[in-house]
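K.L.:
For reference, the structure I am asking about is given below.
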Amino acid sequence: MIRALRIAGVTALILLLWHLLVLATGLPAFILPSPARVATALFSNLELIAHHASVTMAEVMIGLLLGALLGVVTAISLAMSPMARLVVRPMMVLSQALPVFALAPVLTLWLGYGLWPKIIMALLIIYFPVTSAFFDGLMQTPHGMLDLAKVMQARPWLIMRHIRIPAAIPALASGLRLAAVYAPIGAIIGEWVGASQGLGYLMLLANGRAKIDLMFAALIVLAVLTLVLHGSVDRLCRYVVQRQNS
Amino acid sequence: MPDNPGPALQFTGSAKIAGTRIFDKLNLPIAAGKWTCLLGPSGVGKTTILRLLAGLGDHIEHDGRISADDHQMIAGRISLMAQTDNLMPWLDVHDNIVIGSRLRGDEIQSAKAEVLIEQVGLTPHRHKKPNALSGGQRQRVALARTLMEGRPIVLLDEPFSALDSKIRAEMQELAARLFAGKTVCLITHDPGEAARLGDVIFVMNMNGLQSVEPPSSPVIRDYDAPDVLLCQGQLLRLLRDVP
């Protein structure tokens with residue numbers, strides 16, 4: 006309840022500052038529309054925005070799921086095999102030197118204008134943080150537990166399954182929280198480069214037609230959806246971590 | 088009765104870690120089926136000996152040998168209990184006790200686990216996770232997990248040192264009863280603990296090992312028995328007098 010009030014308070018404050026900024030600067034509506042204009046644009050185009058938002062969210066969710074899955078599998082393989090660490094890890098770091106943004110046109114060229122280039126963009130942008138966070142967790146299992154397993158003559162894969170993975174769940178949760186914020190960025194970049202639907206596409210379209218209020222409305226919906234996604238992933242992660250140990 | 092009677096062990100040699108000498112030319116006999124207590128100040132190498140015995144000495148340069156009087160391998164016949172209980176916070180009492188079988192891919196012997204849970208007095212807590220247990224209860228789980236392994240040699244690295252006096256005394260009694268017949272090597276800082284539990288007692292310092300005559304009464308001894316108090320005092324004097 007207190008949290009809801011706080012969020013409402015902060016939102017009201019931002020809207021007020023925004024309104025005052027419009028009044029003080031006297032900027033025309035095609036440069037900076039007032040909150041009221043954006044709200045009007047939002048409600049009069051609700052169906053249109055909802056359609057594009059659903060496309061973007063589908064890309065984000067699939068990208069998030071696949072990226073997380075790929076990150077988890079990579080982290081476990083790296084943790085299991087020193088050889089994989091030697092070969093794959095430098096490649097992963099090198100791949101981060103390549104801006105994901107620069108890959109968007111190539112992906113669109115290869116995969117067309119549909120959902121897939123955006124899903125791959127979302128996937129690529131979250132793959133590294135998920136892999137990195139989970140891998141670090143897998144490599145930091147308390148020594149005492151590993152000593153115990155060694156004295157018990159445990160099998161490496163069973164140590165991974167019964168000790169190292171469960172011990173690294175909080176680290177994976179940190180990676181997933183980051184991923185929930187990054188994934189929409191990937192999808193939107195993909196949509197900017199080439200798309201026929203999605204919030205990123207709608208924003209470009211509205212901008213081109215000088216419908217700045219609609220562009221802001223789409224931007225706000227995107228921000229709210231990202232916050233909701235982050236909040237949901239955060240809650241889920243906290244629930245899982247808490248339940249794991251109590 | 089123990090699953091297997093424990094063999095006598097002989098530890099000899101010197102040890103270095105990253106080029107730094109830990110101890111030189113040590114000769115430690117560990118008596119068959121009895122409690123051998125190793126007492127000494129921190130940093131003298133007690134835990135190094137224990138790690139070498141446990142097969143956890145990959146980072147230790149050991150020049151010497153470790154042998155059993157039955158001439159069989161020691162690996163696979165040892166269980167370890169340390170100061171930290173090393174319980175998996177995500178597993179309940181029962182699952183923590185059977186973790187060894189899980190980690191080897193063996194069949195889970197739940198009936199045996201239940202008996203052990205009862206022996207260590209944790210039946211009402213069997214579905215609780217470690218966070219819901221007290222320090223003493225957690226060490227009881229670790230004790231049951233050690234017993235569950237059914238190994239003839241038990242290495243104890245200050246397992247009761249973090250417990251309060253009352254719980255510590257109870258745990259000593261429980262361990263003495265349940266580890267009967269096993270070859271036990273206990274590392275401790277506590278002269279009183281060595282005097283209560285040791286069939287054989289060594290004080291370890293920078294100059295090497297010194298054997299100390301244990302009280303003549305059988306293990307486990309009363310903490311206020313005159314011979315125990317005398318031995319405790321003697322051990323404390325040795326620990327204080329030697330640099």
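So the sequence lines, in the order shown, correspond to chains W and A. This note's numbering applies: residue 6 is where the first sequence begins, and numbers increase by one. This note's numbering applies: residue 88 is where the second sequence begins, and numbers increase by one. Don't be surprised by glycine CBs; every beta carbon is placed ideally from N, CA and C.
Check A/S166 in the structure and name its three-state DSSP category.
P.N.:
strand
K.L.:
Exposed or buried, which one is A/H61 when buried takes at least 16 other CB atoms within 10 Å?
P.N.:
The structure shown does not extend to residue 61 of chain A, since chain A spans only 88 to 330, so no value can be given for it.
K.L.:
Please list the terminal residues of the continuous beta strand (DSSP E) segment that includes A/E148.
P.N.:
Looking at the DSSP string, the run of the beta strand (DSSP E) that includes A/E148 is I147 to D150.
K.L.:
Is there at least one Cβ from chain W nearer than 8 angstroms to A/A141's Cβ?
P.N.:
yes
K.L.:
Our contact map puts W/G72 next to W/A127 with C-beta atoms below 8 angstroms; I'd like the distance itself, whole angstroms only.
P.N.:
7 angstroms
K.L.:
Judging by CA-CA distance, which residue of W/V77, W/L209 and W/A184 is the nearest neighbour of W/F140?
P.N.:
It is W/V77.
K.L.:
Have a look at A/R191 and W/R166 and give me their C-alpha separation to the nearest angstrom.
P.N.:
12 angstroms
K.L.:
With burial defined as no fewer than 16 other Cβ atoms inside 10 Å of the residue's Cβ, what is the status of A/H214: buried or exposed?
P.N.:
exposed
K.L.:
Suppose only complete runs of 3+ residues qualify. What are the beta strand (DSSP E) ranges in the segment 225 to 268 of chain A, listed by chain order?
P.N.:
240 to 244
K.L.:
How should A/A198 be labelled, buried or exposed, when 16 other C-beta atoms within 10 angstroms of its C-beta is the threshold for buried?
P.N.:
The residue is exposed, with fewer than 16 neighbouring Cβ atoms inside 10 Å.
K.L.:
Can you tell me where the alpha helix (DSSP H) holding A/Q319 begins and where it ends?
P.N.:
Looking at the DSSP string, the run of the alpha helix (DSSP H) that includes A/Q319 is P313 to D328.
K.L.:
What is the rounded straight-line gap between the Cα of W/G31 and the Cα of W/I7?
P.N.:
Distance from the CA of W/G31 to the CA of W/I7, rounded to the nearest whole angstrom, comes to 36 angstroms.
K.L.:
For chain B, check one thing: does any of its Cβ atoms lie closer than 8 angstroms to the Cβ of A/R225?
P.N.:
Although the question refers to chain B, the structure presented lacks it and instead comprises the protein chains W and A.
K.L.:
Does any residue of chain A have a CB that is nearer than 8 angstroms to the CB of W/R160?
P.N.:
Yes, W/R160 counts as interfacial toward chain A.
K.L.:
Give the single residue among A/I117, A/I307 and A/F110 whose Cα lies nearest to the Cα of A/S129.
P.N.:
A/F110
K.L.:
Just reading off the beta strand (DSSP E) that A/T171 is part of, what are its end residues?
P.N.:
Per DSSP, A/T171 belongs to no beta strand (DSSP E) and is neither H nor E.
K.L.:
Pairing CB atoms from the segment 216 to 223 of chain A with CB atoms from the segment 245 to 261 of chain A, are three or more of them under 8 angstroms?
P.N.:
The segment 216 to 223 of chain A is in contact with the segment 245 to 261 of chain A.
K.L.:
Could you check what DSSP says for A/G295 in three-state terms: helix, strand or coil?
P.N.:
Three-state result, A/G295: strand.
K.L.:
Where does W/T79 fall in DSSP's three states?
P.N.:
When secondary structure is reduced to three states using DSSP, W/T79 falls in the helix class.
K.L.:
Just the chain W side, please: which residues come within less than 7 angstroms of A/I117 by C-beta, in chain order?
P.N.:
The contacting residues do not exist; A/I117 stays about 16 angstroms from chain W at best.
K.L.:
Does any CB atom of chain W fall closer than 8 angstroms to the CB of A/S166?
P.N.:
yes
K.L.:
Can you tell me where the beta strand (DSSP E) with A/I117 in it begins and where it stops?
P.N.:
T107 to I117
K.L.:
Shorter than 8 angstroms from the beta carbon of A/I104 to some beta carbon of chain W?
P.N.:
Taking Cβ atoms only, chain W never reaches closer than 8 angstroms to A/I104, which makes this a no.
K.L.:
For W/L151 and W/H56, I'd like the C-alpha separation in whole angstroms.
P.N.:
W/L151 and W/H56: Cα-Cα distance of roughly 51 angstroms.
K.L.:
For A/K112, count the other beta carbons within 10 Å of its own beta carbon; 16 or more makes it buried, fewer makes it exposed. Which is it?
P.N.:
exposed
K.L.:
Rounded to whole angstroms, what's the CA-CA distance from W/E64 to W/L120? Just pull it up for me.
P.N.:
6 angstroms
K.L.:
Do three or more CB pairs link the segment 201 to 217 of chain W to the segment 127 to 143 of chain A at distances below 8 angstroms?
P.N.:
As far as the Cβ criterion goes, the segment 201 to 217 of chain W does not touch the segment 127 to 143 of chain A, which means the pair count is below three.
K.L.:
Could you check what DSSP says for W/F221 in three-state terms: helix, strand or coil?
P.N.:
helix
K.L.:
Could one say the Cβ of W/V156 lies closer than 8 angstroms to chain A's Cβ atoms, at least one of them?
P.N.:
yes
K.L.:
In its own chain, which residues sit with a C-beta less than 6 angstroms from the C-beta of W/T231, not counting the 5 before and 5 after it?
P.N.:
P189
K.L.:
Please say whether A/L325 and A/V290 have beta carbons closer to each other than 8 angstroms?
P.N.:
yes
K.L.:
Nearest to A/S166 by alpha carbon, out of A/L296, A/R238 and A/Y310?
P.N.:
A/R238
K.L.:
Looking at W/G180 and W/I124, is the spacing between their C-beta atoms short of 8 angstroms?
P.N.:
no
K.L.:
Under 7 angstroms Cβ to Cβ from W/V4, same chain only, skipping five residues before and after it: list those, please.
P.N.:
Outside the shown range of chain W (6 to 251) lies residue 4 of chain W, about which nothing can therefore be said.
K.L.:
Is W/L129 closer than 8 angstroms to W/L108 when the C-beta atoms are compared?
P.N.:
With respect to the 8 angstroms criterion, W/L108 and W/L129 are classified as neighbours on the basis of their beta carbons.
K.L.:
Taking C-alpha atoms, which residue in A/N173, A/N218 and A/G100 lies nearest to W/V156?
P.N.:
A/N173
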